[in-house]
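Undergrad: Quick one: the structure is below, and I'll ask about it shortly.
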Amino acid sequence: WAVVVFVVLFANWPQIVILGMKVKSITDFLLAFLFTLWIGIDEETFSRKFVFNLLKPYGLPLAVAISSIHFGVLHITNYLWGFQTLTLTISQMINASAYGVLCSAVYLVSGKLIFPIVMHALTDLPAQFQDQPKPVPSGEIIHEFLNLTQVLLNCSFNLFLAGLLFFFYKLKKDKAFRSL
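Each number in this note's numbering comes from the position in the sequence shown (counting from 1) with 391 added on.
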C-alpha cells in the first residue's frame, strides 16, 4: 500500500509544481476537486474497471495496452467540442495513453479502483486553476517542438513510474522471491 500511495502522490508532483495552483477560495477548490473526482470516477471506471477487466483474461499486456489507448482516445472530445487545438489534443491523447499505463499499474498493484480515481482527480485538479492559454496555430515550429518535448517528458515519467509498479507487482506474485 505504501508504494501505491507514494506513486499516487509522486505522480502528481510535476503537475502541481509546473502548473501551480491559483486557488481563489476554499469553495472553488472543493468544487474543482469534486469536478475532477467525477471525471476520475467516470474515466477510470470505464477504462480500468470495464475495459481493463474485460481484457485481463486475454493477458495483462493486452489489457494494459488497450485500456490505456482507450483512455487516451477518450480525450479526442476536447477537440471535437472545440476546447483545444488538434495538435494539443493529439499531445493530450498520447500523454493520457501513457498515463493510462500508470493508472493500470496502480489499479493492478492495489486491486482498488479508488487509487487511480484519486490519482486522476489530483492530476486534473491543477488545470482547473490555470489561465486558459490562447490557442497557438498548428505548424509553429517552436510551439510544436516544446509541445513534443513536454509530451516525451510526461510519457517517460509516467511509464517509469508504471514500470516500478509492475516490478513490485511481479515481486508480489513471485513466490520464489517472497521466500527470501
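Glycine included, C-beta positions come from ideal geometry on N, C-alpha and C.
Please determine if the region 478-491 and the region 457-469 are in contact, where contact requires at least 3 C-beta pairs separated by less than 8 angstroms.
TA: At 8 angstroms Cβ cutoff, the stretches touch.
Undergrad: Around the Cβ of Gly502, are there at least 16 other Cβ atoms within 10 angstroms (buried) or fewer (exposed)?
TA: Exposed, since its Cβ has fewer than 16 Cβ neighbours within 10 Å.
Undergrad: Whose CA, out of Gly473, Ile457 and Phe420, lies closest to the CA of Tyr490?
TA: Tyr490 has its Cα closest to that of Ile457, out of Gly473, Ile457 and Phe420.
Undergrad: Which residues bound the alpha helix (DSSP H) around Asp442?
TA: Correcting the residue type first, residue 442 is Val in the shown sequence and not Asp. Taken as a continuous stretch (DSSP letters only), Val442 belongs to no alpha helix (DSSP H), as it is neither H nor E.
Undergrad: Check each candidate in Asp515, Asn444, Thr514 and Val497 and name the one with the smallest Cα separation from Lys561.
TA: The residue with the shortest Cα to Cα distance from Lys561 is Val497.
Undergrad: Taking Gln519 as part of the alpha helix (DSSP H), name the residues at either end of that continuous run.
TA: Per DSSP, Gln519 belongs to no alpha helix (DSSP H) and is neither H nor E.
Undergrad: Taking the beta carbon of Asp515 as the centre, do at least 16 other beta carbons fall within 10 Å, making it buried, or is it exposed?
TA: By the 10 Å Cβ count, Asp515 comes out buried.
Undergrad: Give me the Cα-Cα distance between Pro452 and Gly431, rounded to the nearest whole angstrom.
TA: Approximately 23 angstroms between the Cα atoms of the pair.
Undergrad: Would you kindly report the start and end of the unbroken alpha helix (DSSP H) that includes Phe426?
TA: Ile417 to Glu435 is the span of the alpha helix (DSSP H), which, as asked, contains Phe426.
Undergrad: What residue range does the alpha helix (DSSP H) around Gly473 cover?
TA: No alpha helix (DSSP H) contains Gly473, which DSSP labels as neither H nor E.
Undergrad: Apply the 10 Å Cβ neighbour rule to Leu422 and answer buried if 16 or more other Cβ atoms are within range, or exposed otherwise.
TA: So Leu422 counts as exposed.
Undergrad: Measuring only the C-alpha atoms, how far is Leu556 from Leu539?
TA: Going by the C-alpha atoms only, they are around 26 angstroms apart.
Undergrad: For Gly491, report the span of its alpha helix (DSSP H) as first-last.
TA: Counting along the chain, the alpha helix (DSSP H) containing Gly491 begins and ends at Leu477 to Ser501.
Undergrad: When the distance is taken between beta carbons, is Ser488 closer than 8 angstroms to Phe506?
TA: Going by C-beta atoms, Phe506 is not nearer than 8 angstroms to Ser488.
Undergrad: Around the C-beta of Ser547, are 16 or more other C-beta atoms found within 10 angstroms, so that it is buried, or is it exposed?
TA: With fewer than 16 Cβ atoms within 10 Å of its Cβ, Ser547 is classed as exposed.
Undergrad: Is it buried or exposed, Asn444, if we count other Cβ atoms within 10 angstroms and call 16 or more buried?
TA: Burial call: exposed.
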